[in-house]
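K.L.:
This is the structure I have questions about; it appears just below.
Protein chains: 2
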Amino acid sequence: MSRTAVSAKDVAELAGVSRAAVSRCFTPGASISPETRARIVKAAEQLGYQVNRLASGLIRNETGLVALIVSDMATPYRSHLLAALTEAVQQAGKVALLIKTDRSDGSAEQALRQAISYRTDAAIFLSGMPARSLAETCMRNGMRLVLINRDEDRPGALQVRLHDAEAGRRAVAVLRAAGCRRLALASSGVGTHSISERERGFREAATAAGIDWIEERFGSTSYQTGQDLGMALLSRRDRPDGVFCATDLLACGVMDVARWRLGIRVPDELSLIGYDNIAQAGWDSYGLTTFSQPVDEMAAKSVEWLSAMAANDDGDDGAGTARAEILFMPRLVLRGSVAQGFVPGVGR
Amino acid sequence: MSRTAVSAKDVAELAGVSRAAVSRCFTPGASISPETRARIVKAAEQLGYQVNRLASGLIRNETGLVALIVSDMATPYRSHLLAALTEAVQQAGKVALLIKTDRSDGSAEQALRQAISYRTDAAIFLSGMPARSLAETCMRNGMRLVLINRDEDRPGALQVRLHDAEAGRRAVAVLRAAGCRRLALASSGVGTHSISERERGFREAATAAGIDWIEERFGSTSYQTGQDLGMALLSRRDRPDGVFCATDLLACGVMDVARWRLGIRVPDELSLIGYDNIAQAGWDSYGLTTFSQPVDEMAAKSVEWLSAMAANDDGDDGAGTARAEILFMPRLVLRGSVAQGFVPGVGR
DNA sequence: AGATTGATTGCACAGCTGTGCATGACAATT
DNA sequence: AATTGTCATGCACAGCTGTGCAATCAATCT
Numbered sequence: 001m002s003r004t005a006v007s008a009k010d011v012a013e014l015a016g017v018s019r020a021a022v023s024r025c026f027t028p029g030a031s032i033s034p035e036t037r038a039r040i041v042k043a044a045e046q047l048g049y050q051v052n053r054l055a056s057g058l059i060r061n062e063t064g065l066v067a068l069i070v071s072d073m074a075t076p077y078r079s080h081l082l083a084a085l086t087e088a089v090q091q092a093g094k095v096a097l098l099i100k101t102d103r104s105d106g107s108a109e110q111a112l113r114q115a116i117s118y119r120t121d122a123a124i125f126l127s128g129m130p131a132r133s134l135a136e137t138c139m140r141n142g143m144r145l146v147l148i149n150r151d152e153d154r155p156g157a158l159q160v161r162l163h164d165a166e167a168g169r170r171a172v173a174v175l176r177a178a179g180c181r182r183l184a185l186a187s188s189g190v191g192t193h194s195i196s197e198r199e200r201g202f203r204e205a206a207t208a209a210g211i212d213w214i215e216e217r218f219g220s221t222s223y224q225t226g227q228d229l230g231m232a233l234l235s236r237r238d239r240p241d242g243v244f245c246a247t248d249l250l251a252c253g254v255m256d257v258a259r260w261r262l263g264i265r266v267p268d269e270l271s272l273i274g275y276d277n278i279a280q281a282g283w284d285s286y287g288l289t290t291f292s293q294p295v296d297e298m299a300a301k302s303v304e305w306l307s308a309m310a311a312n313d314d315g316d317d318g319a320g321t322a323r324a325e326i327l328f329m330p331r332l333v334l335r336g337s338v339a340q341g342f343v344p345g346v347g348r
Numbered sequence: 001m002s003r004t005a006v007s008a009k010d011v012a013e014l015a016g017v018s019r020a021a022v023s024r025c026f027t028p029g030a031s032i033s034p035e036t037r038a039r040i041v042k043a044a045e046q047l048g049y050q051v052n053r054l055a056s057g058l059i060r061n062e063t064g065l066v067a068l069i070v071s072d073m074a075t076p077y078r079s080h081l082l083a084a085l086t087e088a089v090q091q092a093g094k095v096a097l098l099i100k101t102d103r104s105d106g107s108a109e110q111a112l113r114q115a116i117s118y119r120t121d122a123a124i125f126l127s128g129m130p131a132r133s134l135a136e137t138c139m140r141n142g143m144r145l146v147l148i149n150r151d152e153d154r155p156g157a158l159q160v161r162l163h164d165a166e167a168g169r170r171a172v173a174v175l176r177a178a179g180c181r182r183l184a185l186a187s188s189g190v191g192t193h194s195i196s197e198r199e200r201g202f203r204e205a206a207t208a209a210g211i212d213w214i215e216e217r218f219g220s221t222s223y224q225t226g227q228d229l230g231m232a233l234l235s236r237r238d239r240p241d242g243v244f245c246a247t248d249l250l251a252c253g254v255m256d257v258a259r260w261r262l263g264i265r266v267p268d269e270l271s272l273i274g275y276d277n278i279a280q281a282g283w284d285s286y287g288l289t290t291f292s293q294p295v296d297e298m299a300a301k302s303v304e305w306l307s308a309m310a311a312n313d314d315g316d317d318g319a320g321t322a323r324a325e326i327l328f329m330p331r332l333v334l335r336g337s338v339a340q341g342f343v344p345g346v347g348r
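Chains as they are written, first to last, in UniProt numbering: chain U, 1 to 348; chain D, 1 to 348.
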């Protein structure tokens, strides 16, 4: 009947002990005798008691909450990364607070403010970027920041990145080895750091090899944009025969337009490479050669770093760990979307 | 330097007012003069103050947290639903607590316990199911429960369901109208309520029409299972020419096996119908006829119900609202995966 | 036996906020 | 001018937990 939930006081009364004993019962390493613990546990189960982590967090300055800040979360790559992070966070005994952002201005700020208001132990940005001043406020208050595939660095935050430029370079190598003559670059117009890096690597390698290429860059990172990019690139007179797409979603769109609207055979007349290794890239309809991000490992390392930072909170003001960065290498996944040819031993 | 975050006391000191004034400043409808509010807002911005919702929730018995409990969240349909719910929750001024479950026993219980420990205002189950006793404990403590596409009902919880059986029936009608002679049902072996209902509708309609059909049911609800189902169904001597798949993911697997491994033309030799209307169903490679769930509307109505329940918390003990259910009708989306034919006016 | 050690338990406080109650100031009304 | 009403503000308490400190108690040692 009472609208309020059962508290430690109720358990204490039922078990005939002090409220402090109940607290110690659920605090690892606290001093409590086995028999009273047994009594308390029994009473707690009977009442359905769960320690109130709000009150606990209030006094311990550690809520066990980790904010995951993300946009476009229904996208294959994003949802995969989100799942991995949630799993890792839970494995570490914490819980994920999910905050969705959009493209609008100040959306990331708004999200971070939400995280602060719940006194989150950490915030992990999968997209967007908080203003520098607000980020510093977070750090000063003891909140950890992790930035995944973000560009500008915030001192004290962990940067989780991939060697995107290297992937762009390898894409050129693979396409050339497949015998492609006219290369193209298909990318969205969002201008994210990681996407820009993929473009840069592609251009560098093409320039270094002394070959010409064409580009199309517009729209968001979606299947629809992929279709439009494919239409723009493949209806040209000097149609390319090897395209590197900044994203698997784009590549799927390009491939579908080629096959189903323009009647171009893949990979006989057109070789395609994507990036992300989303589930659909492995489906029979696509068989897309792409670069795989070690999503699980990225998530695990991020959370690991958070725990490590929490462990050595002994007086250092974070200045010593000003620059933390983990760099992963995207792994080439060869499938049927690239024409058969000699693939150079680019391994290392 | 101080590890602890800025509190209302700090703001009050800077603004030269009492701490209570700061609290009132951020409480809508509280009595406070415009000039002191201005002073407080200025001081708060200067210090980067955000109201501590943990402490606020502690005293108001309303944390603003809504737990989303889900498994297989990287799946297209699930991630779509998850995104819609997160969006709806945020629109209502609340924040989503994301809890991932797996197939293991007691996983749902564990998740619900997590939700309780954070004194979540509500818990929304997208998969899994808590034990009845634990669910009742939640309700008694004032936590609202929403079950999406779940079978057993928990008194007091909101049931959000679709008319799955009707979809199964319509699938038979559409396949027959397309001229299919040998129907088949492809489903996973998970035995979820909603999936069982789709199967039931299919069988009922086929039986009523007096036609025979074949079935395959095994595995999880994945693309891979779809491939295996397709292989099992389509390599038979009496190969079916019209298949209703309990899920789009399954349908994609079936279609790919048909096209790319068995050389069966879709829709000329094989008509396919799925369920969920995931993004890939609309891609050129699939063009899958399917049933669309009004995901956004489902999310909006769920959160709306939560707010309504919170509003009339005036002494009623929930017994009056024992049975709440919202039933949605899946919408048929016609695409190219079904052979051209006369589609009966099943509207209504 | 007496002293010491160790474990266990209860008291009380801190951590941060919302709000009822009382007080004070000020405007409006008779 | 006196009274009434409104509004703003501060005090103090409640809500739930973790933990330092003192006290109690049993057990062990000399």
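Each residue gets a CB set at the ideal place from its N, CA and C atoms; glycine is no exception.
#1: Check whether the Cβ atoms of THR247(U) and THR225(U) lie closer than 7 Å to each other.
#2: Below 8 Å on C-beta distance, what does HIS80(U) contact in chain D?
#3: Considering just the uninterrupted stretch of the alpha helix (DSSP H) at ARG239(U), what are its terminal residues?
#4: For a contact defined as C-beta to C-beta under 7 Å, what are the partners of VAL41(D) on chain U?
#5: Determine the extent of the alpha helix (DSSP H) in which GLN90(D) is found, giving its start and end residues.
#6: Please go through the region 145-230 of chain D and give each complete alpha helix (DSSP H) segment of 4 or more residues, from N-terminal end onward.
#7: Quick one: what's got a C-beta closer than 7 Å to ALA319(D)'s C-beta in the same chain, skipping five residues either side?
#8: Since GLN90(U) meets chain D, which of its residues come closer than 7 Å, beta carbon to beta carbon?
#9: Please classify LEU327(D) as buried or exposed, where buried requires at least 16 neighbouring CB atoms within 10 angstroms.
#10: Contact criterion: CB-CB distance below 7 Å. Does TYR275(U) meet it with respect to chain D?
#11: Let me know the secondary structure DSSP gives ARG265(U) once reduced to three states.
#12: Is SER271(U) closer than 7 Å to CYS180(U) when the C-beta atoms are compared?
#13: Would you call ASP241(U) buried or exposed, if buried means 16 or more other Cβ atoms sit within 10 Å of its Cβ?
#14: Which one of VAL6(U), TRP213(U), ALA339(U) has the shortest CA to CA distance from ALA177(U)?
#15: Indicate whether at least one CB of chain D lies closer than 7 Å to the CB of ASP248(U).
#16: Where does ILE69(D) land, buried or exposed, given buried means 16+ other C-beta within 10 angstroms?
#17: Name, please, each residue of chain U whose Cβ falls closer than 8 Å to the Cβ of SER117(D).
#18: Could you pull out every residue in the same chain whose Cβ sits closer than 6 Å to the Cβ of ALA165(U), ignoring the five residues on either side in sequence?
#19: Between SER127(D) and chain U, is any beta-carbon pair separated by less than 7 Å?
#20: Determine, using beta carbons only, whether PHE244(U) and ALA173(U) come nearer to each other than 7 Å.
#21: Which residues, in order along the region 149-168 of chain U, keep a beta-carbon less than 9 Å from a beta-carbon of chain D?
#22: Is there contact between the region 98-118 of chain U and the region 50-69 of chain U, where contact requires at least three CB pairs shorter than 8 Å?
#23: Does TRP305(U) get closer than 7 Å to chain D when you measure Cβ to Cβ?
#24: At the level of alpha carbons, what is the spacing between SER292(U) and LEU334(D)?
#25: With a threshold of 16 other CB atoms inside 10 Å of the CB of MET143(D), please say whether the residue is buried or exposed.
#26: If you count every other CB in all the chains shown that lies within 10 Å of the CB of ASP316(U), and 16 or more means buried, which is it?
#27: Throw me the rounded Cβ distance for the ASP121(U) and GLU62(U) pair, which I believe falls under 8 Å.
#28: Going by alpha carbons, who is nearest to ALA279(U) out of ARG53(U), SER7(U), ARG237(U), ARG78(U)?
#29: List the residues of chain D that LEU272(U) touches, going by C-beta distances under 8 Å, in chain order.
#30: Can you tell me the Cβ-Cβ gap for GLY287(D) and SER235(D), rounded? I've got them flagged as a contact below 8 Å.
#31: Would the beta-carbon of ALA157(U) fall within 7 Å of that of LEU147(U)?
#32: Judging by CA-CA distance, which residue of ALA311(D), GLU325(D), GLU304(D), LEU332(D) is the nearest neighbour of GLN91(D)?
#33: Would you kindly report the start and end of the unbroken alpha helix (DSSP H) that includes GLU325(D)?
#34: Leaving out five residues on either side along the sequence, give the residues of the same chain with a beta carbon under 6 Å from the beta carbon of THR75(D).
#35: With 16 as the cutoff for other CB atoms within 10 Å, does THR290(D) come out buried or exposed?
#36: Counting only the same chain and skipping the five closest in sequence on each side, list residues whose C-beta sits under 8 Å from that of SER18(U).
P.N.:
This is what the structure gives:
#1: The sequence position of residue 247(U) within the first sequence is 247, counting from 1. The sequence position of residue 225(U) within the first sequence is 225, counting from 1. Result no, Cβ atoms of THR247(U) and THR225(U) do not sit closer than 7 Å.
#2: The residue you call residue 80(U) lines up with position 80 of the first sequence. Below the 8 Å Cβ cutoff, chain D contributes ALA74 as neighbours of HIS80(U), in chain order.
#3: Taking the first sequence and counting its residues from 1, one reaches residue 239(U) at position 239. Per DSSP, ARG239(U) lies in no alpha helix (DSSP H) and is assigned neither H nor E.
#4: As a first step, residue 41(D) must be located in the second sequence, where it is residue number 41. The premise fails here: VAL41(D) is roughly 14 Å from chain U at the closest Cβ pair, so nothing lies under 7 Å.
#5: The residue you call residue 90(D) lines up with position 90 of the second sequence. Segment 76-91, the alpha helix (DSSP H) holding GLN90(D).
#6: Within the region 145-230 of chain D, the runs of alpha helix (DSSP H) that reach at least 4 residues and sit entirely inside it are, in chain order, 164-177, 193-209.
#7: Looking up residue 319(D) in the second sequence gives position 319. Residue placement at ALA319(D) cannot be trusted, given a pLDDT of 44 that sits under 50; the coordinates are not used to answer.
#8: The residue given as residue 90(U) occupies position 90 in the first sequence. Within 7 Å Cβ-Cβ: LYS100.
#9: Reading the second sequence from its first residue, position 327 is the one you call residue 327(D). LEU327(D) should be labelled exposed.
#10: Taking the first sequence and counting its residues from 1, the one referred to as residue 275(U) is at position 275. Not flagged as an interface residue toward chain D: TYR275(U), since no C-beta distance is shorter than 7 Å.
#11: For this step, residue 265(U) is matched to residue 265 along the first sequence. The three-state secondary structure of ARG265(U), taken from DSSP, is coil.
#12: The sequence position of residue 180(U) within the first sequence is 180, counting from 1. The sequence position of residue 271(U) within the first sequence is 271, counting from 1. Closer than 7 Å, so yes.
#13: The residue given as residue 241(U) occupies position 241 in the first sequence. Counting the other Cβ atoms within 10 Å of the Cβ of ASP241(U) gives 16 or more, which makes it buried.
#14: On the first sequence, position 177 is the one that residue 177(U) refers to. Checking every option, the nearest Cα to that of ALA177(U) belongs to ALA339(U).
#15: Start at 1 with the first residue of the first sequence, and residue 248(U) comes out as number 248. Among the residues facing chain D, ASP248(U) is not included, as its CB has no counterpart in that chain under 7 Å away.
#16: Position 69 of the second sequence, counted from the first residue, corresponds to residue 69(D). Sixteen is the threshold: when 16 or more other Cβ atoms of the shown chains lie within 10 Å of the Cβ of ILE69(D), as they do, the residue is buried.
#17: As a working note, residue 117(D) is residue 117 in the second sequence. Per Cβ cutoff of 8 Å: GLN50, VAL51, ASN52, ARG53.
#18: Indexing the first sequence from 1 puts residue 165(U) at position 165. Within the same chain, ALA165(U) has close Cβ partners GLU197, ARG200, GLY201.
#19: For the purposes of this step, residue 127(D) is taken as the residue at position 127 of the second sequence. Not one chain U Cβ lies under 7 Å of SER127(D).
#20: Here residue 244(U) refers to the residue found at position 244 of the first sequence. Here residue 173(U) refers to the residue found at position 173 of the first sequence. No, these two residues do not count as a Cβ contact at 7 Å.
#21: Hits within the stretch: zero.
#22: Output reads yes: the region 50-69 of chain U touches the region 98-118 of chain U.
#23: Position 305 of the first sequence, counting from 1, holds the residue named residue 305(U). For TRP305(U), the answer is no, since every Cβ of chain D falls outside 7 Å of its Cβ.
#24: The residue given as residue 292(U) occupies position 292 in the first sequence. The residue given as residue 334(D) occupies position 334 in the second sequence. One C-alpha to the other measures close to 34 Å.
#25: As a first step, residue 143(D) is located in the second sequence; it is residue number 143 there, counting from the start. Burial call: buried.
#26: Position 316 of the first sequence, counted from the first residue, corresponds to residue 316(U). At ASP316(U) the pLDDT is 45, less than 50, meaning the model places this residue with poor confidence and gives no usable figure here.
#27: As a position in the first sequence, residue 121(U) is number 121, starting the count at 1. As a position in the first sequence, residue 62(U) is number 62, starting the count at 1. Their Cβ separation, rounded to whole angstroms, is 6 Å, which keeps ASP121(U) and GLU62(U) in contact under 8 Å.
#28: Against the first sequence, residue 279(U) aligns to sequence position 279. Cα-wise, what sits closest to ALA279(U) is ARG78(U).
#29: Within the first sequence, numbered from 1, the residue matching residue 272(U) stands at position 272. None at all; the shortest Cβ gap to chain D is about 13 Å.
#30: Counting from one through the second sequence, the residue named residue 287(D) turns up at place 287. Counting from one through the second sequence, the residue named residue 235(D) turns up at place 235. The C-beta distance from GLY287(D) to SER235(D) rounds to 24 Å, too long to fall under 8 Å, and the pair is not in contact.
#31: Against the first sequence, residue 157(U) aligns to sequence position 157. Against the first sequence, residue 147(U) aligns to sequence position 147. Result yes, Cβ atoms of ALA157(U) and LEU147(U) sit closer than 7 Å.
#32: Taking the first residue of the second sequence as 1, we reach residue 91(D) at position 91. Considering only ALA311(D), GLU325(D), GLU304(D), LEU332(D), the residue with the shortest C-alpha distance to GLN91(D) is GLU304(D).
#33: Taking the second sequence and counting its residues from 1, the one referred to as residue 325(D) is at position 325. Run containing GLU325(D): none in the alpha helix (DSSP H); it sits in the beta strand (DSSP E), 324-328.
#34: Within the second sequence, the letter at position 75 stands for residue 75(D). Here the set comprises nothing.
#35: The count along the second sequence starts at 1 and reaches residue 290(D) at position 290. So THR290(D) ends up on the buried side.
#36: Residue 18(U) sits at position 18 when you count from the first residue of the first sequence. ALA12, listed in sequence order.
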